[in-house]
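In UniProt numbering, the protein residues as written are 1 to 556.
The C-beta atom is built at its ideal place from N, Cα and C for all residues, glycine as well.
Remember, it's a predicted structure, so these values are computed and weren't measured experimentally.
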Amino acid sequence: MKTTFIKTICFGTLLASMAACDILDVDPLDTYTEEDVFSDVSLLKSYVHRNYNLPQTGWDHTALRYSCDESINNFNWNNSYQVLEGSVTPDQLGNLDIWEAYYENIKNCNIFFEHMEYVNKVDQPEQNYLIGETTFFRALYYMELVNRYGGVPMITKSYQLDDTAEALNVKRASYEECVDSIVTWFDRAANYLPKEYASDADFGRVTKVAALAMKSRMLLYAASPWWGVRTYEEAADAAEEVIELCGGLGVNNLDPDYQGLFLNPESSEIIFQRLYNQEYGHYFDAENSPNGWHGYSATCVTQEMVDSYEKRGGVMPDTQWYDDKTTTTANPWEDRDPRFYASIVCDGQSFRDGEAEFYVNEDGTTGGKDSEYGTDNWNYSETHYTIRKFMDEALINLWSEKAYHPWIYCRLAEIYLNYAEAKYFCGDEVTARQYVNFVRERARNMAEDPTNMLPDVTESGDALLKKIQQERKVELAFEEHRYFDVRRWKIAEDTQVGQFHGIKITKKADGTKTYTISNVGNPRKFISPNHYLAPIPNYERRKNSALEQNPGYSDL
1 MKTTFIKTIC FGTLLASMAA CDILDVDPLD TYTEEDVFSD VSLLKSYVHR NYNLPQTGWD
61 HTALRYSCDE SINNFNWNNS YQVLEGSVTP DQLGNLDIWE AYYENIKNCN IFFEHMEYVN
121 KVDQPEQNYL IGETTFFRAL YYMELVNRYG GVPMITKSYQ LDDTAEALNV KRASYEECVD
181 SIVTWFDRAA NYLPKEYASD ADFGRVTKVA ALAMKSRMLL YAASPWWGVR TYEEAADAAE
241 EVIELCGGLG VNNLDPDYQG LFLNPESSEI IFQRLYNQEY GHYFDAENSP NGWHGYSATC
301 VTQEMVDSYE KRGGVMPDTQ WYDDKTTTTA NPWEDRDPRF YASIVCDGQS FRDGEAEFYV
361 NEDGTTGGKD SEYGTDNWNY SETHYTIRKF MDEALINLWS EKAYHPWIYC RLAEIYLNYA
421 EAKYFCGDEV TARQYVNFVR ERARNMAEDP TNMLPDVTES GDALLKKIQQ ERKVELAFEE
481 HRYFDVRRWK IAEDTQVGQF HGIKITKKAD GTKTYTISNV GNPRKFISPN HYLAPIPNYE
541 RRKNSALEQN PGYSDL
């Protein structure tokens, strides 16, 4: 009885005290207010640094290698077949839809800039770093949006509930206006960011070099035939500034280990990357290894991509057999550009702890471990090729060991090729050839016998431009560039259409093999001008009627 009395008294006192104040005016214990976040330096840094985990990567199921002539996805992840077959609509964008996610990221960057009274209290140089990083990421998000959609609404503030009418009537800025803002922001970020950080604890943070490198990419895209709103002189100057910061002009500063640099976050060639660790890693290796290693064979590399790699002497492989479907006994992958063996797994190639076996036996009912009759045969590659680039072949237990090598958004080889392309259009073919040949030199030196392997480019005029374009396709394969390159060059209606191919390997009783080209998937379609840009998502246009749809797509 006594205990009950005391509890009653205490409960009554609590009710009285609650009645004396506003019961709703209590800080929640499981969330942070904006003031909590921005007034605490550690939380403020976390708010900014979460941007490092937000941009899409090639590890994602939305990877753009699935939506161009590099490969086909084994499972139609994120409806990537829609892009290949020309059936993208404003309601079904396949793996191209980044609108909602990236505008959410932009909103969070805008909120940062609306709390500068807190940011200005942070000690230097950390204050500059945070401003520079947020400026960089906002520019990056917008660059990715305009690369897909063209001009988009340029929103630089966060909207509140009483701003609904304004928020739902924001028009698209022109592509040129967007580019102007993006370039300005990358320049501004570069002014706030250091060339490199003094502390190892800051490893992986974006730098002045990263901001200027992304500016180089934006200007090159904007100068390209599809847009033509900036000049190649600007693009060349931007690339040159990056090269100067990365060791100077006229010197080949590429990492000599082409295959290894994708596993080495400390490679001097990397300009901007996303870091991982063993706890927070990714399953790229598991998903993309051949089925013989219990992988998904997710990236089925096309024969067209395979035959983009030169043979010794600079000779391109003969593609006549695509049409006549003839069978050959000659090894179709012999004496290729060394980057081929570092980027693509083909039959008979040494891989991980064994050898790739994509062949089918002559009996037609059995085959190698990576074939349709092999291990986990429901996951075999339809093209009988898989990706090797980015693989950590030291991983054996693919589904229990996460991979943790970085995703590289930008590296020096891209800047060399940006520079070569811009210089070509500026009329400086000597410099254009020099920087293309720097990239080829690194690849040539990978060969056991470099004699006449990837000879220096000597062409001029249109032939030189084709060499530059070809070098980008091979050097930057699967790195999220090809999808945009074929569009900005206005060659997509030639390169992204028609029947694509794989290969069938038949192993005879005596151990010899024959090779036959095979059709893979439905014929691809590319309609101009519709497919140069992704449609504005209808889910967004239903909210904002001021958003004009891209050409070639049906209205609401």
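Selected residue, minimal CA-CA separation from residue i, among the options
i, options, result
"N253", "I243, T31, L464, A394", "I243"
"N147", "L168, I98, H115", "I98"
"K504", "E357, I491, C246", "E357"
"K121", "Q549, E310, R440, D40", "D40"
"T326", "Y373, I517, F112, F425", "I517"
"T418", "F438, K369, W407", "The sequence as given places Asn at residue 418; Thr does not occur at that position. It is F438 whose Cα lies nearest to the Cα of N418."
"A167", "L84, Y175, T156", "T156"
"R188", "L245, V170, L130", "L130"
"Q349", "N277, D363, N331", "N331"
"F137", "L54, Y66, S268", "L54"
"T207", "D200, A198, R217, P194", "P194"
"K466", "S308, V88, N550", "S308"
"E240", "E133, Y416, G228, L398", "Y416"
"F201", "V520, G364, L275", "A small correction: the amino acid at residue 201 is Ala; Phe does not occupy that position in the sequence shown. Here the closest residue by C-alpha is L275."
"E414", "G427, E429, V430, R440", "R440"
"S216", "Y373, F113, Y197, D237", "D237"
"V48", "P551, V88, H115, C68", "H115"
"Q160", "H294, N108, Y192", "N108"
"H384", "D123, Y359, N445, Q92", "Y359"
"I271", "V209, S460, D456, E401", "V209"
"E448", "E480, Y341, F351", "Y341"
"D324", "Y515, E126, C426, V83", "Y515"
Segment limits, beta strand (DSSP E) that includes residue i
i, result
"S518", "513-524"
"K507", "498-507"
"C410", "407-411"
Cβ pair residue i, residue j closer than 9 Å
i, j, result
"V301", "I344", "yes"
"N452", "G313", "yes"
"E144", "Y103", "no"
"F478", "I536", "no"
"Y404", "G281", "yes"
"S528", "E471", "no"
"E117", "G151", "no"
"T375", "G502", "no"
"R230", "L212", "no"
"N78", "N51", "no"
"N522", "Y81", "yes"
"R482", "E85", "no"
"I491", "Y424", "no"
"E310", "D337", "yes"
"V520", "I72", "yes"
"P153", "L533", "no"
"L261", "E269", "yes"
Supposed contact pair residue j and residue i - C-beta distance, whole angstroms, cut 8 Å
i, j, result
"L43", "Y32", "7 Å"
"M391", "D285", "6 Å"
"F186", "A139", "5 Å"
"N74", "N379", "7 Å"
"N361", "G354", "About 18 Å separates the two Cβ atoms, so there is no contact after all."
"R442", "Y258", "6 Å"
"T329", "T512", "7 Å"
"S381", "P290", "7 Å"
"W407", "T57", "4 Å"
Identified DSSP bridge partners for residue i
i, result
"G367", "V360"
"R336", "K311"
"G354", "F351"
"C426", "For C426, which the question treats as bridged, DSSP gives no partner whatsoever."
"I387", "I344"
"S71", "V301"
"T327", "T516"
"H282", "A403"
"Q273", "I408"
"Q92", "T89"
Closer than 8 Å: residue i CB and nearest the ligand SAH heavy atom
i, result
"C178", "Among the components modelled here there is no ligand, and therefore nothing to report on the ligand SAH."
Run of the alpha helix (DSSP H) containing residue i, from where it starts to where it stops
i, result
"T164", "164-167"
"Q278", "Segment: none, Q278 is in no alpha helix (DSSP H) and carries neither H nor E."
"I468", "461-475"
"N105", "99-113"
"I243", "232-245"
"G132", "126-149"
"H49", "41-49"
"M316", "Where M316 is concerned, there is no enclosing alpha helix (DSSP H), given that its DSSP letter is neither H nor E."
"A222", "208-223"
"M116", "116-119"
"A492", "492-495"
"S80", "80-84"
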